[in-house]
Every structure is written in structure tokens, then in C-alpha cells.
Amino acid sequence: MADRRPVRRRSPREAEPPGMAPRRAALRLIDAILRRGDPLDVAMHAAAQGLAGPDRAFAVAIASEALRWMVDIDALIDGATAQILPDDVKSRAVLRIALAQLLALKSPGHAVVSTALPLVDGGPRRLVHAILSRAQQEEWQLPERATLPLPTAERWAEQWGLDMVEAAEAGWSVPPPIDLSFAAELGADEWPDAVPLAPRQRRLPRGQAVESMPGYSEGGWWVQDLAASLPARLLGTGEGRTALDLCAAPGGKTMQLAAAGWKVVAVDASAKRLERLGANIARTGLSADIVQGDIRAWEPAAPVDAILLDAPCSATGIFRRHPDVLHRIEPRQIDEMAVLQALLLARAAKWVKPGGVLVYATCSLERAEGEDQISAFLKSHSGWSVEAPRADELPAAIVPTSDGFIRTLPGLLADAGGLDGFFVARLRAPSV
Ligand SMILES: C[S@@+](CC[C@H](N)C(=O)[O-])C[C@H]1O[C@@H](n2cnc3c(N)ncnc32)[C@H](O)[C@@H]1O
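Going by my numbering, the sequence shown opens with residue 298, and the numbers climb by one from there.
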């Protein structure tokens, strides 16, 4: 589609159409994610500065849907242009966010077009206008399932098979439900509309503001995907013994451990994330010692009965909630994370009392950050063993692998809303 006619520029005094601020922010967000590799939540601070709550939420929704459907949106764009637009030109970015609004968020066409054109900024406005008009006239649709970026699909097919890739695409295409973890077991008549999938857990449909749900200020519950709640379940009840929660912020697992009677020491390197952990602990009225420390250098004063190491990772397992991940993470970062995880795991192992327990977890769908990590650990740590979870420690649908690990893959509990991709291993230290 040629675009040689002169571009009409908006005079600085000409008023912008309403609703530009969240669209501009969405454009900055996807630029920061795709060009600089920033995570969505980090990019949001800079991109959405000064935006009111609803505008900020709209900017994040636009960017998230543009990233979730990016492969399919790009295919539609490429099918409508005579020459393929380069990947990094502004017009493609504007079309990505405009088509995400039109096709995924179902925003009205006139609002999408009038807010897209000013963003092209001296670029091919006619081309953008023509593509958006065509999208409406021809009633373009997104496919039923959002296509994964090719490098991810290939990497996952190699590790887990094509069925997993299909299940991941299905899981990625619908917003995930909200899982709540509760500090105490619920009575039969509490939260009657929520689905229980595990003890002290309930699942709710997406779309409710968390802060307005019943009991938020009383602090009896916190948001935590069912898969993310599994590692702390493997430590059982604490009865006043000490557990180290390493890489603890923002504290979902700290709260589970504290609620299960552990005296928790929660350690994390990030002061900012520890602020959130502190706020979570305060809201729930639970207690934990909070320590800012880099566990490559920090160490506890004495060995402890139990350690939970929720290691930093590629986070490819939480791609449903963070659609930026699959566009940012490359094999090089997975390799770097695996090196760091091996280091942290070896350090943590030194701090477990003889016969004590170490739970290792990552929210990753990469074997290098899960299964391979533990098999390398066992080779270099004689006397340590894997202690497989018992059936009564897991939700019914989750069965340990033949190696005694928990591996949650897309497709599990699909009819109930699915769950995040996690790897968990419970390791028992030698007794002497
Ligand atoms: C997966 S998140 C932890 C989530 C947390 N366990 C929860 O359940 O809410 C990983 C955490 O590791 C922390 N981290 C990364 N490298 C670290 C290091 N060398 N020492 C301590 N914490 C680290 C990050 O700041 C981040 O908060």
C-alpha cells in the first residue's frame, strides 16, 4: 500500500482528541518492553507517570493485549501492506496498540482511529488510517487462540511437546482467574461463589477490583496463583520453628509460612519490593522478620530447620498475567538465571540443619531453571535427596513427576481456569 501523499500535520494549538494520554503511555510501554527489554511493571512507572488510576489501568490493558496478540496482529498488518513494515517503526507500534483496542478490547472504531493518528507523528498517517479503516470494513477478527512468539513455541515444543504449546496458547488467550490464599481454613458458608481448588484457597472469576473484595482491609487473604502457593505447602506447619524465606518479596509465600506457624525470616535484595512485603505483612496482621540482603553475600547467624528458595528466574511460567515476558526473554537470559540459581541453591543448602528441608521453586517453564538445576545439585551434594510431595499436600489435579517434583504445565486444570507454570522440588538434607 503506497503512502506518498503529503502528511497533514496537526498545529500545536489544535486540541488533541480526548483519551490520548493512556494511548501515548501504552505506546511508551510497548517501546520500553520491546526495545529495551524492560518488564511491564518496571516500564509502567516511567511510562504512566502522572496518569490517573483508570487511565493507567487502560494503558496497561492496551499494552498487555497488544503483547498477548502481537504475533496475530502483526500477521494482519503484514497481510494488508504491499511492503512489510520494519519491526521497529512507529507506525507498526501504533497499529499494534490500535488493533489491540479494536480487536481485543473491542473499543469503538472512531475512538481508536482518532487517537491512533496523532501518535504517528510525521510518519505514514495515511497508511495507518487505511489499515484501520480496512480492519473495520472487513471486520477483522483475532484467531481463537493467541499465537506464541515463534522462539518460545519452538523452545517449549522441544522441551514439552506440541500439546503443551497448544495448551499454552489456549491459556494465554483468556485473562486468568483470581486466586486467593487465606491465612486460615474457611467455613463452608464463606465465599460461596468462589471455587475451592486446595485448602485455604479460593478461585474467583477475573474482573473484580481486589481492594473492593470482602475482607481486604481485615487482611485474611491475599492474591496468589494456586501454583505459586504450592512451594510453601510443602513445608507443612512450623510449630514455632524457624524458616528462611529467601527471595521473599513481595511476600506471598512469607504470609503462607507465617500463617502456618513458622517463625519466618524473609530475605530479599530489593528494598522496593520489601516495602510491598512489609505492607502485605502489616495488612494481614501476620509476622515476619524482614531482612534486606543479597544472598550471594548475606548469610544467617545459624542453620535453620527449613528454607524456601523462590529463586529469581526468567518468569516464563507467569506469561498469562505478564504477556511481556515472552517478548523479552531470550535463551541467553535463561542461561544467566540458571547460573545464578545454582549459586543461590548451593548457598542455601549450607544453611539447612542436618535432616532439615529446602524447597526450591521457580515460576519458569524452562527445564534449565527446574529439573536440570536439581539434577546438577544432587550430583554435587551427596546425601541430599528429593522428597516427593504426598497426595494430601497437593490439589487433586496435581500429581508429582516420576522424579518427585511438582511441574505445573499449561493445560493442567484448564477447565477450571488453568494455573501458572511452576517448578518445585523438596530437598531433604543428610541427617549428619
Ligand atoms: C520470584 S520473586 C519472589 C517472589 C516471592 N517469593 C513471593 O512469593 O512473593 C524473586 C525475588 O528474588 C529477589 N532476588 C533476586 N536476586 C536476589 C539475591 N541475589 N538475593 C536476594 N534476593 C534476590 C528479587 O528481588 C525478587 O523479589
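Glycine included, each C-beta is placed from N, C-alpha and C at the ideal position.
- G347 counts as exposed, since fewer than 16 other beta carbons sit within 10 angstroms of its beta carbon.
- In summary, G652 is exposed, with fewer than 16 beta-carbon neighbours lying within 10 Å of its beta-carbon over all protein chains present.
- Take L382, set aside five residues on each side of it, and the residues of its chain with a beta-carbon closer than 7 Å to its own are I374, S388 and R389, in chain order.
- The C-alpha of V656 lies about 18 Å from the C-alpha of A585.
- Annotation note: the stretch 509–548 contains the following uninterrupted beta strand (DSSP E) runs of length 3 or greater, listed N- to C-terminal: 518–520 and 539–543.
- Residues V409, A413 and L429 of the same chain have their beta carbon placed closer than 7 Å to that of A395, with the five preceding and five following residues left out of the count.
- In the DSSP secondary-structure assignment, V656 is bridged to L605 and R723.
- Where R704 is concerned, the enclosing beta strand (DSSP E) starts and stops at I703 to T705.
- Pairwise C-beta distances place the stretch 491–502 in contact with the stretch 463–480, as three or more of them are shorter than 8 Å.
- Ligand 1 has no heavy atom closer than 7 Å to the beta-carbon of D586.
- Judged by the Cβ position, G549 qualifies as a neighbour of ligand 1 at the 7 Å threshold, a heavy atom of the ligand being closer than this.
- By a beta-carbon distance limit of 8 Å, I695 contacts L709. Their separation comes to about 7 Å.
- By the neighbour-count criterion, in which 16 or more other beta carbons inside 10 Å mark a residue as buried, K569 falls on the exposed side.
- For S478, no alpha helix (DSSP H) encloses it; the enclosing beta strand (DSSP E) starts and ends at I475 to F479.
- For V564, the Cβ falls inside the 7 Å cut-off from some heavy atom of ligand 1.
- In the three-state reduction of the DSSP assignment, D717 falls in the coil class.
- The straight-line gap separating the alpha-carbon atoms of L399 and A363 is approximately 10 Å.
- Annotation: V492 to L402 spans about 27 Å, alpha carbon to alpha carbon.
- With respect to the 8 Å criterion, P336 and R625 are classified as neighbours on the basis of their beta carbons.
- I587 is bridged by DSSP to A563.
- For K676, the three-state secondary structure derived from DSSP is helix.
- Under the DSSP assignment, L501 falls in the beta strand (DSSP E) whose first and last residues are Q498 to L501.
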